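**Q** Pasting a structure here, questions to come.
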Amino acid sequence: MRVGLRWAWQNIDGTLSVLLAAAVSVLGVTETVSDGMLQNAIALTLAVLAFTMLRDRSKAQRQTAALEQLTRMEPEIARIRGTLEELPEVTILTGQEITQALRAARDNTDRWYFKGSTATYVRAVTLPECVDSARRAQRKLDVGLEILDPTDLALCQQYADLFRSLSTGPDSDQHSWTADGTRRELYATILAACWHLHRYRLLDIRIGLTSSISTFRWELSSSVLIITQRGPQFPAMMMRRGRALYNSWSTELDQSLNQARAVPLREARHLPLSAVPTPEEVRALFLTLGMALPDTYTDDDLRDLSSKAVREPDPYRQPA
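Per this note's numbering, the sequence shown starts with residue 470, numbered consecutively.
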């Protein structure tokens with residue numbers, strides 16, 4: 470019954486025509502109205518039938534036109550599909566292409582996973598820009614950082630030794646890298662994560678500490694995965710979302726972060742952090758995180774750490 474009523478309502482003009490025709494037939498047989506009124510009723514019924522036929526014809530014409538338009542679009546759709554299928558799994562980037570690709574990857578992303586060493590570029594550029602973009606859109610942002618363990622000074626020494634040996638020229642700043650300098654970069658990254666976490670409630674950050682040194686850096690957004698090396702002077706690889714390698718690496722990075730030693734950032738979320746954290750705030754933060762800073766660090770050292778955390782310039786920006 471309900472289905473029948475729904476069909477009658479959806480076809481109201483046809484239903485009305487049938488009812489009018491039935492009424493006219495009854496009136497004609499019973500002779501309860503005059504011939505003039507009967508003729509008017511017949512004319513009304515014919516008018517409703519004509520309207521129904523015209524409407525159905527118009528609908529059929531629109532459907533035919535839409536079908537013809539879709540048919541004309543088929544070659545273009547096939548061309549676009551073919552272009553997408555021909556895109557390489559891996560795109561090689563060099564020079565400014567790397568910077569541009571990273572900038573595009575940051576645009577409107579709702580996630581950023583990093584696996585590397587000190588995450589200096591992430592701290593200086595990626596994290597601030599991603600947080601600002603998410604804040605403007607009132608969007609949730611998920612960040613995962615897998616970095617070296619700053620509490621392992623021997624590991625920091627190995628890292629510094631490796632990159633000194635890989636320096637590309639006598640003027641390279643890698644010649645001046647030290648174990649303590651590496652450790653400070655790592656502490657600054659952790660401090661920066663806490664600072665941003667404190668200022669944007671829709672931000673969720675996980676930091677995992679690893680003892681595995683690599684010359685590669687994996688950076689994954691919601692659109693691409695970019696694997697860089699020691700700077701834009703070295704080639705990088707880019708994989709787009711939806712391709713097999715992107716999906717595989719996304720799973721790999723997530724599993725790797727889960728296996729690293731987690732930094733309990735949430736335990737420090739209630740701690741106050743100034744626009745530029747004070748030495749007292751920095752000490753209290755790392756103590757809460759279970760990573761007490763070296764006793765040799767002075768207040769000036771901690772001010773420098775705070776500056777690195779919230780005011781670090783783009784390490785790859787060319788001087789004007």
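Heads up, the beta-carbon is just placed ideally off N, CA and C, and yes, glycines get one too.
Keep in mind it's a predicted model, so treat the numbers as computed, not measured.
Could you tell me which residues DSSP puts in a beta bridge with Gly564?
**A** The partner list for Gly564 (beta bridge, DSSP) is empty, contrary to what the question assumes.
**Q** How big is the Cα-Cα spacing for Leu553 and Ser717?
**A** Note that Leu553 scores a pLDDT of 46, beneath 50, so its modelled location is shaky; the value from the coordinates is reported in the next line. Cα-Cα distance, rounded: 19 Å.
**Q** Do you know offhand how far Gln626's Cα is from Ser680's?
**A** 12 Å
**Q** If you drop the 5 nearest sequence neighbours on each side, which residues of the same chain put their C-beta closer than 7 Å to that of Leu666?
**A** Leu672, Ile674, Leu734 and Arg738
**Q** Measure the alpha-carbon distance for Met708 versus Pro746 and round it to whole angstroms.
**A** 38 Å
**Q** From Leu614 to Ala588, what distance separates their C-alpha atoms?
**A** 8 Å
**Q** Distance, Cα to Cα, Asp773 vs Val559?
**A** Roughly 40 Å separates the two Cα atoms.
**Q** To the nearest angstrom, report how far apart Glu598 and Leu689 are at their CA atoms.
**A** 15 Å
**Q** Where does Leu671 sit, in a helix, a strand or coil, going by DSSP?
**A** Leu671: coil per DSSP, three-state reduction.
**Q** Is it true that the CB of Val732 sits closer than 9 Å to the CB of Ile676?
**A** yes
**Q** Just to confirm my understanding: we take Ala657, look at its own chain, exclude 5 residues before and 5 after, and list those with CB closer than 6 Å. What are they?
**A** Leu774, Lys777 and Ala778
**Q** Buried or exposed for Asp730, going by 16 or more other Cβ atoms inside 10 Å?
**A** In the sequence as displayed, the identity of residue 730 is Arg instead of Asp. So Arg730 ends up on the exposed side.
**Q** Under a three-way DSSP split, which group does Asp768 fall into?
**A** helix
**Q** Using a C-beta cutoff of 9 Å, does Arg752 count as contacting chain C?
**A** Although the question refers to chain C, the structure presented lacks it and comprises just one protein chain.
**Q** Secondary structure at Lys777, three-state DSSP: helix, strand or coil?
**A** helix
**Q** Measure the CB-CB distance between Ser691 and Arg580 and report whether it falls below 9 Å.
**A** yes
**Q** Counting only the same chain and skipping the five closest in sequence on each side, list residues whose C-beta sits under 7 Å from that of Gly700.
**A** Tyr785
**Q** Per DSSP, what kind of secondary structure is Thr637 in: helix, strand or coil?
**A** Three-state DSSP puts Thr637 in coil, outside helix and strand.
**Q** Could you tell me if Ser586 is buried or exposed, where buried requires 16 or more neighbouring beta carbons within 10 angstroms of its beta carbon?
**A** buried
**Q** How big is the Cα-Cα spacing for Val584 and Ile616?
**A** A small correction: the amino acid at residue 584 is Lys; Val does not occupy that position in the sequence shown. Cα to Cα, the separation comes out at about 6 Å.
**Q** Counting only the same chain and skipping the five closest in sequence on each side, list residues whose C-beta sits under 7 Å from that of Ala753.
**A** Leu740
**Q** Can you give me the C-alpha to C-alpha distance between Ile561 and Trp687, rounded to a whole angstrom?
**A** 14 Å
**Q** Use the C-beta contact count for Pro619: other C-beta atoms within 10 angstroms, 16 or more gives buried, fewer gives exposed.
**A** buried
**Q** Where does Tyr785 fall in DSSP's three states?
**A** coil
**Q** What is the rounded straight-line gap between the Cα of Ser602 and the Cα of Asp576?
**A** 8 Å
**Q** Figure out for me which residue from Tyr582, Leu624 and Ala573 has the closest Cα to the Cα of Gln724.
**A** Tyr582
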